[in-house]
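There are 2 protein chains.
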Amino acid sequence: MRLRVYVGEREADGVPPNDRGMAYGDGLFETLRAHRGELPWWDAHWARLQRGAARLRLPLPAQAQAHAQARELLAGEDAVLKLLVSRGAGGRGYAPPAQAVPTWQLSVHALPPASAAGLNLRWCQTRLAAPSALAGLKHCNRLEQVLARGEWNEAGIDEGLMRDGDGWVVSATAANVFVLRDDRWLTPDISRCGVAGVCRGWLLQTLGEQAGETSTLSQHQLETADAVFLCNAVRGILPVARLGERVWRPHPAVAGLQRRLAAAHPAFAAAAPAGPEVS
Amino acid sequence: MRLRVYVGEREADGVPPNDRGMAYGDGLFETLRAHRGELPWWDAHWARLQRGAARLRLPLPAQAQAHAQARELLAGEDAVLKLLVSRGAGGRGYAPPAQAVPTWQLSVHALPPASAAGLNLRWCQTRLAAPSALAGLKHCNRLEQVLARGEWNEAGIDEGLMRDGDGWVVSATAANVFVLRDDRWLTPDISRCGVAGVCRGWLLQTLGEQAGETSTLSQHQLETADAVFLCNAVRGILPVARLGERVWRPHPAVAGLQRRLAAAHPAFAAAAPAGPEVS
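Chains A and B, in that order, give the protein sequences. The opening position of the first sequence corresponds to residue 6 in the working numbering, with each subsequent residue numbered one higher. The opening position of the second sequence corresponds to residue 6 in the working numbering, with each subsequent residue numbered one higher.
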């Protein structure tokens with residue numbers, strides 16, 4: 006892992022020890038898929054970061070500097086780039102400083118292994134609290150996800166699905182979820198909790214009338230869906246093959262979406278299955 | 006502010022840049038009132054830290070080392086000591102490392118100014134999400150409190166009261182709350198959200214049958230209470246004088262509790278009002 010830390014406009018030796026990121030998780034992050042050193046979805050990630058920063062009144066670095074430094078650090082590689090922005094150094098107490106100088110980090114990570122087979126999921130017991138004032142944001146208060154991901158360590162389980170306190174499905178620990186029912190794609194809305202994923206956003210825009218958001222996706226509806234996939238901006242579209250006893254065979258509609266994604270973001274071209282387009 | 010950082014047993018130059026505290030707020034903290042360099046409520050704070058660490062499966066430093074280093078850093082002063090423990094360095098992804106080495110910080114801060122008059126409160130619009138898997142813990146996912154505390158910057162407002170999504174009162178942004186109704190003290194329970202404050206715990210134990218926890222304290226019940234106070238381990242018992250249009254005069258029952266607290270924790274002796282004991 007290569008990592009650089011900046012305080013305001015300047016590269017720094019490390020994170021200020023009284024950083025509000027450490028103290029309160031007072032920050033936002035983005036995790037981007039890089040393709041040959043380029044970041045095809047930079048604009049969508051930066052737009053989400055700006056929305057989060059507006060909600061938290063968090064100062065951001067200059068976009069041009071962050072982008073240039075990210076590309077320099079990537080050095081032409083296929084990799085995962087993480088950008089983390091915190092409110093920076095602060096005193097004791099929750100009051101955000103009037104003149105905060107952001108601490109930001111860029112780090113480059115190896116690509117996750119490609120999975121040829123579909124994912125094997127489980128249900129997490131940890132519930133997402135809702136309604137949350139932080140719904141939709143990719144913020145750094147992630148203990149719910151840490152608890153949920155800590156529920157299993159079997160190598161055969163790829164991801165866990167999370168529900169809110171009322172039992173409605175929200176997402177996986179690190180991915181959004183789509184289900185196919187009656188020839189229509191449904192994904193949990195993220196107005197009460199959950200993250201407005203960049204790949205999720207691309208899918209909703211691409212699918213248009215063929216998709217919808219729902220605040221009441223039940224465990225039963227998911228388990229009886231015709232097809233299920235997870236998605237995020239690092240791994241793209243990931244077909245689900247198993248959830249407990251339930252097994253799904255590869256579905257042409259999922260393969261079709263994977264091919265459309267491959268056309269939109271070159272990093273996902275290698276993962277797209279061959280075959281005729283299915284809308 | 007004096008600050009020391011440790012990684013495992015060793016003092017370190019700074020926080021690891023890939024620390025899970027920065028990434029996810031994956032940590033816990035305690036804020037203690039020091040009196041002449043001593044920490045009278047150390048045991049209660051450490052017990053709460055242990056409960057949180059058990060819930061998060063977070064490794065802790067050795068208590069003896071943390072206590073000794075804290076007293077050394079305090080150097081005999083009256084001050085606030087903050088102890089922050091994170092899960093330490095980690096890769097990308099929520100899965101907690103199997104062999105985490107905690108990063109921990111000790112910092113010494115100036116005492117907050119003593120307030121002779123009662124507090125002036127406001128209602129916060131930011132709601133606490135519930136039920137939360139993190140209820141009760143003094144964890145480092147504090148964006149809700151940061152948002153709430155960011156709602157005002159008038160010098161005349163001392164604290165803000167927070168409610169959950171259903172409108173039930175939970176706490177102030179950085180203190181628990183007690184109200185007196187029908188000669189009995191009530192405080193919101195913290196099983197769905199909120200923090201199990203150390204001073205709150207002392208009060209519940211001290212008051213015994215004279216106090217109770219409630220999951221349904223309404224805004225109206227608070228505003229029509231005979232007396233209201235906030236409490237935390239740094240500032241002790243803080244009588245509330247005003248909340249919007251509502252004004253409370255000093256109440257002998259609050260003064261009585263302040264004197265009992267002064268007898269239990271010498272740092273609060275100076276703040277305790279004179280007068281006869283009122284049970």
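Just so you know, even glycine gets a beta-carbon here, dropped at the ideal spot from N, CA and C. None of the values given here were measured: they were computed from a predicted structure.
> Expressed to the nearest angstrom, what Euclidean distance is found between the alpha-carbon atoms of Ala69(A) and Trp47(A)?
Replying inline: Going by C-alpha positions, Ala69(A) is about 11 Å away from Trp47(A).
> Nearest CA to the CA of Leu227(A): which residue from Gly249(A), Gln215(A), Ala238(A), Trp207(A)?
Replying inline: With distances taken between Cα atoms, Leu227(A) lies closest to Gly249(A).
>> Only counting the same chain, and skipping five residues up and downstream in sequence, which positions put a Cβ closer than 7 Å to that of Gly217(B)?
In response: When the five nearest sequence neighbours on each side are left out, the beta carbons in the same chain lying within less than 7 Å of the beta carbon of Gly217(B) are those of Arg189, Leu191, in order along the chain.
> What residue does the alpha helix (DSSP H) around Gln55(B) start on, and which one ends it?
Replying inline: Segment 47-61, the alpha helix (DSSP H) holding Gln55(B).
> Which residues, in chain order, does the region 126-152 of chain B contribute to contact with chain A at a C-beta distance below 7 Å?
Replying inline: Within the region 126-152 of chain B, contact with chain A at the beta-carbon level (separation under 7 Å) is assigned to Thr131, Arg132, Ala134, Ala135, Pro136, Ser137, Ala138, Leu139, His144, Cys145, Asn146, Arg147, Leu148, Glu149, Gln150, Val151, Leu152.
> In chain order, which continuous runs of the beta strand (DSSP E) of length 3 or greater are located wholly inside the region 126-212 of chain A?
Replying inline: The beta strand (DSSP E) runs lying completely inside the region 126-212 of chain A and spanning 3 residues or more are 164-168, 174-177, 181-186, 189-193, given in chain order.
> If you draw a straight line from the alpha carbon of Leu209(A) to that of Gln215(A), how long is it in whole angstroms?
Replying inline: Approximately 9 Å, taken between the alpha carbons.
> Is the Cβ-Cβ distance between Glu156(A) and Leu126(A) less than 7 Å?
Replying inline: A distance of 7 Å or more separates the beta carbons of Glu156(A) and Leu126(A).
>> Does any residue of chain B have a CB that is nearer than 7 Å to the CB of Arg251(A)?
In response: Residue contact with chain B for Arg251(A): absent (no Cβ-Cβ distance below 7 Å to any residue of chain B).
> In this structure, does DSSP put Arg41(A) in helix, strand or coil?
Replying inline: Here Arg41(A) carries a coil assignment [DSSP, helix/strand/coil].
>> Does chain B have any CB closer than 7 Å to the CB of Met27(A)?
In response: For Met27(A), at least one C-beta of chain B is nearer than 7 Å to its own C-beta.
>> Using a Cβ-Cβ cutoff of less than 7 Å, which residues in the same chain neighbour Ala246(A) once the five nearest sequence positions on both sides are dropped?
In response: The residues are Ala122, Gly123, Leu124, Asn125, Val252, Trp253.
>> I'd like the span of the beta strand (DSSP E) that includes Gly26(B), first residue to last.
In response: Annotation: Gly26(B) is outside any beta strand (DSSP E); the continuous alpha helix (DSSP H) that includes it extends over 25-29.
>> What would DSSP say about Arg15(A), mapped onto helix, strand or coil?
In response: Note: Arg15(A) maps to strand in three-state DSSP.
>> Using only CA atoms, which one of Trp51(A), Ala100(A), His40(A) lies nearest to Glu159(B)?
In response: Relative to the Cα of Glu159(B), the nearest Cα in the group Trp51(A), Ala100(A), His40(A) belongs to Ala100(A).
> Under a three-way DSSP split, which group does Glu77(B) fall into?
Replying inline: Three-state DSSP puts Glu77(B) in a helix.
> Pro255(A) to Pro271(A), Cα distance in whole Å?
Replying inline: For Pro255(A) and Pro271(A), the gap between their C-alpha atoms comes out near 22 Å.
> Along the region 85-111 of chain B, what residues have a CB closer than 9 Å to any CB found in chain A?
Replying inline: For the region 85-111 of chain B, the residues whose beta carbon sits under 9 Å from a beta carbon of chain A are, in order, Val85, Lys87, Leu89, Ser91, Arg92, Gly96, Arg97, Gly98, Tyr99, Ala100, Pro101, Ala103, Thr108, Gln110.
> Is the CB of Leu8(A) under 7 Å away from at least one CB in chain B?
Replying inline: Leu8(A) counts as touching chain B.
>> From the DSSP secondary-structure annotation, give me the bridge partner or partners of Pro244(A).
In response: Paired residues: Phe234(A).
>> So, for Ala75(A): in the same chain, excluding its five sequence neighbours on each side, which residues have a beta-carbon less than 6 Å away from its beta-carbon?
In response: Leu86, Leu111.
> Do the region 229-239 of chain A and the region 176-187 of chain A meet, that is, are 3 or more Cβ pairs less than 8 Å apart?
Replying inline: The region 229-239 of chain A is in contact with the region 176-187 of chain A.
> DSSP on Val106(A), reduced to helix/strand/coil?
Replying inline: Correct three-state label for Val106(A): coil.
>> Contact between the region 42-56 of chain A and the region 165-178 of chain B is defined here as three or more beta-carbon pairs at a separation below 8 Å; is this criterion met?
In response: With a cut-off of 8 Å, the region 165-178 of chain B and the region 42-56 of chain A do not count as touching, because too few Cβ pairs lie within range.
>> I'd like to know whether the C-beta of His114(A) is nearer than 7 Å to at least one C-beta of chain B.
In response: Chain B contact via Cβ: present.
> Is the region 129-136 of chain B touching the region 17-32 of chain B, taking contact as three or more C-beta pairs under 8 Å?
Replying inline: Taking one beta carbon from each stretch, the region 129-136 of chain B and the region 17-32 of chain B have fewer than 3 pairs nearer than 8 Å; the two do not touch.
> Are the C-beta of Asp31(A) and some C-beta of chain B separated by less than 7 Å?
Replying inline: Interface residue, yes.
> Taking 6 Å as the cut-off, does the CB of Gly206(A) come closer than this to any heavy atom belonging to the ligand COA?
Replying inline: Absence of the ligand COA from the depicted structure is noted, as is the absence of any ligand whatsoever, leaving it without description.
> For a contact meaning CB atoms closer than 7 Å, what does Thr178(A) contact in chain B?
Replying inline: Within chain B, the residues Tyr99 have their CB atoms less than 7 Å from the CB of Thr178(A), given in chain order.
>> DSSP three-state label for Ala115(A), please.
In response: Ala115(A): coil per DSSP, three-state reduction.
>> Helix, strand or coil for Val85(A)? Go by DSSP, reduced to three states.
In response: Three-state result, Val85(A): strand.
>> Please tell me whether Gly155(A) has its Cβ less than 7 Å away from any Cβ of chain B.
In response: Yes, Gly155(A) counts as interfacial toward chain B.
> Tell me, which residues are paired with Ser91(A) by DSSP?
Replying inline: For Ser91(A), which the question treats as bridged, DSSP gives the partners Gly32(A), Thr108(A).
> Helix, strand or coil: which one does DSSP assign to Val259(B)?
Replying inline: Helix at Val259(B).
>> Taking the beta strand (DSSP E) that Glu218(A) belongs to, which residues open and close that run?
In response: In the DSSP assignment, Glu218(A) falls within the unbroken beta strand (DSSP E) covering 216-219.
> The alpha helix (DSSP H) with Glu228(B) in it runs from where to where?
Replying inline: Annotation: the continuous alpha helix (DSSP H) that includes Glu228(B) extends over 224-228.
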